[in-house]
Amino acid sequence: MKYWDQLSEAYNRPLKGSLDKPLEKIIFIHLATSLPLPAERDHIRPRIDLIVFMINIQSKYSFKNVEASLSHMDAKFFLGKVCFLITGAGRVNHCSVEMNAVRKLGNLHCSPVIFCELDSEGIRLATAQRLLRILQICAGHVPGVSALFFSSLMKSSIDE
Amino acid sequence: MQQRESTKNPKQALHVCRSSQSDLSEWRIGVKTAGPKSVDLKSAEKYKKEKQQSASDQADNSTQDHLEQALTYFERGKIKDCIPLKKNEALQKHLATVESVALQRGLSPEGLDVLLNVALSGRLADTVNGRILKCLIPASLIAESSVVSAVSWLCVGKCSGSTQLLFLRWLIAMFDFIDHKEKLHALYGIFFCSLQDEKQCPYVCHLLYLLTRRENGESIQSGMQPHLQALLSLYKLLCPELVSITLPAKMKTYFRNSASLWKAAINAIRRRNQGTSPTSQQLNLGTAHLQSRKRKWNTQLILPACNAETNNPIKSEEVNHIDILSHSESFPVEQLHTFSQLLQNIHHLEFPSQMGSVLRNSLLLHYMNCVKDESIYLRLYYWMGQTLQEECTWSKIDNEQYEEEFKDFLDIIYKTECFLQKGFSSCEEFLYKSLPFWDGFCCRSQILRLVSWIPLSNFSEIKPLLCEPLAQLFFTSSLYFKCSVLESLKELLQNWLSWHVMQLDVEADPKISPLNSTLSGLVNSVADLIHFVGWISTVALRLENNATFLLYFILDFYETVCDVYLKYNLPLLVMPPPGVFYPALLSVDSVSLNQLCYIMYRYRTNLVAAKENEQIKKTILQFKFSSQTYQEYNQYIMAMVGCLWTSSAFQKDIHPQGIRLDPEVLKKTRVQEVRNSFNIVHHPALMGYAILFLQQAWPEDKTLNFNLIKGRRWNWYLEYLYMQGFQGLKLFIESSINRVSQVSQTKLGNDQDS
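Protein chains in written order, with our numbering: chain E, 1 to 160; chain V, 1 to 754.
Here is the structure:
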């Protein structure tokens, strides 16, 4: 999680300039190592617009952890408010999770799979901006485009 | 060891003179690399480095001595047969010295010669042989004679099978470092015989693949392992009459990567040699050119200095017909400098064994273009595929620091593709493999430009490989990325269409056709591509809130689409989807509206021409535009004329996704004169011009009464618009609106009835 700060920093950076309409609201990023979230703070938790599951492809545990967490999710999130962020694919020799397994997971949950190399600043920034765009849509800030519509666009047809 | 001494001395002398002149030379370099501003800083830094360098040089000298001792030890042959390493301290010591020096600085040709002889003579234990072979990193070049003598050791059969294998792998990895290859070519038969050895076969195939020339077109009988396939496919291209087996058209990775053991060390030494100083005595591969910049690609992409036979240079005047007919003598490519030389020697040119070097040599590219030899592409294919994959900066994150070099390489490939007007299949495969992992940012323009050269093939095959990863990136990336993707897809379409036109001209045999089929295959693929772009454009306009900039790129794409029939002679017309047409028609930007008018005019011209052709020929044409195309066009034209001309946009539009509205609903909007709101006077894209026109025509009238533009003034206003550069609008109005009878202005063009 050491890169989270930078990632979330990159998250907030583009808000100032590159988007023509800055989101008036502040983005809250909630980090959790696994699901479910503790029940006691449920009443003060803000609305969740997008859930990003980070999977380190170099660790089997990471993959299993996400798989286990997915079972705790409310089904409505899978209507376009989930995405998988796969890290570590740039070192093929160190991968311990098969690429196919990751893609299958994405298809199974009707959610896009995005690859990101946390070690590289350029890729980190570019990916953060992509996630931000997805978030913008999921939060309903793009008129005429719903999260569900968007997830249907991102769906790959390979499994069909 | 006199030889070695002599190579050492001039180097030291050079060091001295370099340090005294460093200011001058560094100034020159500073100018070249960093521009005049940072000269002072740079040269100061360099000077500091230089100082450190000279200190380390002294240390170098002592290691050099150790190396000398070690080499003498190995050379004199005081070693008894097959002593185990553990019991021999001297051997241990010398081996360690050789290893460390080799990995740090590489070995001289003489050193390599000595060590190769020892390793393959079988005098030492296998583990020692292996260790020696693994550290045989050349500092500059490898003498051909050492390789030849090494091969002769193989024939004696003194060393074990594993050592032989390792040697073959080494030979493949170092192939480009060998200074001459003529004698090696003479050993072709020997390598060919060792194809029978099952274990060696893959490597021998790879080696033969590198060595094979036209005269080696012999045939072999064998199973169909990939490495044999590779070799066979090369044979087949060179001598098709001798290879009767059919080979699969799509190629895969043929050879195991032999260079992996040495690659890191070679690169390290290369960088070290280039990094120390440009005047360094140590040669890099092919840096005979003085201007070599500090780039890794140079070392791979410059022509190898010596390659072809140099014993009997052919003088151009003496060329006679016998020479031209016999292929035995070839003109050395490194002597090829001018275009006239190329023309004079075009019949006996032989490509360098390092095919990658062709990419930077425009003369050889000309030659490549004119000989139309598929074997050239085959030879490039393997090298390029592997290089792309190995150096890709996001598939292998460790390469990240070399992004500039990778960009440079991609640029060269793109330029070559443009020059040859042909995409490389290895490049296509690289895109398919790496696009899913791409962030859409690094090397963006290079990658997207390569997309435009993807060879024409069945679209249903390309779709999951190209379109899906590209669409995912497209939807989640910035406006500028979207525009660049549209631009490169437009170029892809144009390249496919140009290819089709060229095929029509050549009337080539159908074997060459990538679709291996008829015109219908081509039509379908092109149509699918256009539909795909239509789909992503519609979505993108939604996502980006109908951004004008984006609309420009989309309409630019359709400027190619609307002219496919007349300009590229392909019986296909695809109308833009309503998601593109209506945003352009109702755009607030006059450029988009003008562009749309021009596109609709070209659609009309194409459709009319198609109709005429159909009527003239009377024969049953294989391809006809479906009535649906005409219908769609008519619906759009009705909407457009209704909007811009007859002020009846909300009544006349009959497109199911159009802007037709019930009068009841319109009344509820309480907008005055709803009917007029999109005609050429009131249209949001043109209203500014209408105001300027009014101000010029009636300077005293401040009320801006648009209703004044009527009748004759309407025509004046049109002339005014044309003068402002609305050529698209002019063409559209003059072609699609029948203005002969001013009374029935609503009547449309001829093809309305068709």
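Glycine is no exception: its CB is placed at the ideal position from the N, C-alpha and C atoms.
- Around the beta carbon of E:I57, 16 or more other beta carbons lie within 10 angstroms, which makes this residue buried.
- For the region 460-487 of chain V, residues whose beta-carbon sits nearer than 9 Å to a beta-carbon of chain E comprise K463, P464, E468, P469, A471, Q472, L473, F475, T476, S477, S478 and L479.
- Ranked by Cα distance from V:L410, the options V:I447, V:S426, V:L435 and V:Y377 are led by V:I447.
- Around the Cβ of E:C83, a 10 Å sphere holds 16 or more other Cβ atoms; the residue is buried.
- Bounds of the alpha helix (DSSP H) holding V:F553 are T548 to V561.
- Contact between the region 548-557 of chain V and the region 134-142 of chain E is absent: fewer than three C-beta pairs spanning the two stretches fall below 8 Å.
- The straight-line gap separating the alpha-carbon atoms of V:W496 and V:L529 is approximately 10 Å.
- Pairwise C-beta distances place the region 69-85 of chain E out of contact with the region 392-407 of chain V, as fewer than three of them are shorter than 8 Å.
- Around V:T416, the same chain offers L359 and L365 as residues with beta carbons nearer than 7 Å, after the five sequence neighbours per side are excluded.
- With respect to the 7 Å criterion, V:L136 and V:L112 are classified as neighbours on the basis of their beta carbons.
- For V:G534, the closest C-alpha among the options V:W499, V:V574 and V:D563 is that of V:V574.
- In summary, V:M723 is exposed, with fewer than 16 beta-carbon neighbours lying within 10 Å of its beta-carbon over all protein chains present.
- Residue pairing for E:F53: DSSP places it in a beta bridge opposite E:F84.
- Sixteen is the threshold: when 16 or more other Cβ atoms of the shown chains lie within 10 Å of the Cβ of V:L171, as they do, the residue is buried.
- Sequence-ordered contacts of the region 539-560 of chain V with chain E read V539, R542, L543 and N545 [C-beta pairs closer than 8 Å].
- Within chain E, the C-beta atoms nearer than 9 Å to that of V:C442 come from S120, G122, I123 and A126, in chain order.
- Neighbourhood of E:E117 in chain V, by CB distance below 7 Å: W394 and I397, in chain order.
- Taking a C-beta distance under 7 Å as the contact criterion, V:F177 and V:V114 do not qualify as a contact pair.
- Taking the CA atoms as reference points, V:S162 sits about 27 Å from V:I269.
- For the region 435-516 of chain V, the continuous alpha helix (DSSP H) assignments of 4+ residues that do not extend past its boundaries occur at 444-451, 459-462, 468-476 and 479-506, in sequence order.
- Using a Cβ-Cβ cut-off of 7 Å, E:A89 is close to F437 of chain V, given in chain order.
- Straight-line spacing of the CA atoms in V:V101 and V:I397 works out to 29 Å.
- When DSSP reads this structure, V:L573 sits in no beta bridge, so it has no partner.
- The beta carbons of V:N594 and V:G728 sit closer together than 7 Å.
- Boundaries of the alpha helix (DSSP H) harbouring E:F63: K60 to L70, taken from the DSSP string.
- DSSP, reduced to helix, strand and coil, places V:C418 within a helical segment of the structure shown.
- E:F28 sits exposed, since fewer than 16 C-beta atoms from the chains shown fall within 10 Å of its C-beta.
- Looking from the CA of V:E673, the closest CA among V:Q657, V:L420 and V:A649 belongs to V:A649.
- Taking 7 Å as the cut-off, the beta carbon of V:I554 is found closer than this to the beta carbon of V:V580.
- About 6 Å separates the beta carbons of V:F557 and V:L486, which is inside the 8 Å limit, making them a contact pair.
- Following the DSSP letters along the chain, one finds V:C370 inside the alpha helix (DSSP H) bounded by residues S362 to V371.
- Under the three-state reduction of DSSP, E:P143 is assigned to coil, being neither helix nor strand.
- Contact residues of the region 27-48 of chain E toward chain V are absent (C-beta to C-beta distance below 8 Å).
- By the Cβ criterion, the region 418-432 of chain V is not in contact with the region 115-127 of chain E, since fewer than three pairs of Cβ atoms, one from each stretch, lie closer than 8 Å.
- Here the C-alpha atom of V:K183 lies approximately 7 Å from the C-alpha atom of V:V148.
- Contact between the region 648-663 of chain V and the region 600-618 of chain V is not established, with fewer than three Cβ pairs separated by less than 8 Å.
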